[in-house]
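If you count the sequence shown from 1, you need to add 31 to reach our numbering.
Ideal placement from N, C-alpha and C gives every residue a C-beta, glycine not left out.
On a predicted model such as this, the values are computed, not experimentally measured, just so you know.
Structure first, commentary second.
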Amino acid sequence: MVFQRQQHGQFDLREDFRQWGIVFLIYIGISIVARIIIQIIFHIGNAIATQEEKIPSADERDKLVKLKATRNSYYAFTSGFVVSVIGLALGMPVHWIFIAFVIFGMIAEIIDNGSQIYYYRKGV
32 MVFQRQQHGQ FDLREDFRQW GIVFLIYIGI SIVARIIIQI IFHIGNAIAT
82 QEEKIPSADE RDKLVKLKAT RNSYYAFTSG FVVSVIGLAL GMPVHWIFIA
132 FVIFGMIAEI IDNGSQIYYY RKGV
């Protein structure tokens, strides 16, 4: 949607920070709603597949895996932030900084989920 509007000249995202703010707020809202829907669908599917009514509580290992995965995710996003600021200091256009934030946010989420899978399989 944003790309199509930009191609037709309806708005220019290179200098319009208000539009970037709107795009980010929409993206955040869609991301939150999508995560909630995915979690609900997963839990319903899991309850149907396992025929269990009680949700097992998280033990120390689960908490440790989540903490380590979150740490890795924060490292990825923080490094992306630093790369973005360095790019800004080197004269990159501001709109690339926002694009980098989105990309590194997605990479951080992938690293978080991948780290959880890795730590569960490897053991903590």
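Task: residue 100 burial status per 10 Å Cβ neighbour count (16 or more: buried) - done: Translated into positions along the sequence shown, residue 100 becomes position 69. It is buried - the Cβ of residue 100 has at least 16 other Cβ atoms within 10 Å.
Open item on the list: Considering Cα atoms alone, identify which of 54, 66 and 141 is closest to residue 105.
Closed with: For the purposes of this step, residue 105 is taken as the residue at position 74 of the sequence shown. Measuring from the Cα of residue 105, the nearest candidate turns out to be 141.
Open item on the list: Contact defined as beta carbons within less than 8 Å: I believe residue 118 pairs with residue 131. What is the distance between those atoms, to the nearest angstrom?
Closed with: As a working mapping, residue 118 is identified with position 87 in the sequence shown. As a working mapping, residue 131 is identified with position 100 in the sequence shown. Right, the Cβ-Cβ distance comes to about 7 Å (below 8 Å), so this counts as a contact.
TODO: Throw me the rounded Cβ distance for the residue 96 and residue 58 pair, which I believe falls under 8 Å.
DONE: In the sequence shown, the residue the question calls residue 96 occupies position 65. In the sequence shown, the residue the question calls residue 58 occupies position 27. For residue 96 against residue 58, the beta-carbon gap comes to about 28 Å, at or over 8 Å, which does not count as contact.
TODO: Rounded to whole angstroms, what's the CA-CA distance from residue 111 to residue 77? Just pull it up for me.
DONE: One-based indexing of the sequence shown puts residue 111 at position 80. One-based indexing of the sequence shown puts residue 77 at position 46. C-alpha separation (whole angstroms): 35 Å.
Task: Beta-carbon gap between residue 107 and residue 135 smaller than 8 Å - done: Counting from one through the sequence shown, the residue named residue 107 turns up at place 76. Counting from one through the sequence shown, the residue named residue 135 turns up at place 104. A contact, by the Cβ cut-off of 8 Å.
Task: C-alpha distance - residue 81 paired with residue 98, whole-angstrom precision - done: One-based indexing of the sequence shown puts residue 81 at position 50. One-based indexing of the sequence shown puts residue 98 at position 67. Residue 81 and residue 98: Cα-Cα distance of roughly 27 Å.
Task: Where residue 90 falls: helix, strand or coil (DSSP) - done: Translated into positions along the sequence shown, residue 90 becomes position 59. DSSP places residue 90 in coil when its eight states are reduced to three.
Task: residue 133 beta carbon less than 8 Å from that of residue 92 - done: Locating residue 92 in the sequence shown gives position 61, counting from the first residue. Locating residue 133 in the sequence shown gives position 102, counting from the first residue. In this structure, residue 133 does not lie closer than 8 Å to residue 92 by Cβ.
Task: Segments assigned alpha helix (DSSP H), at least 4 residues, entirely inside the stretch 53 to 137 - done: 91 to 120
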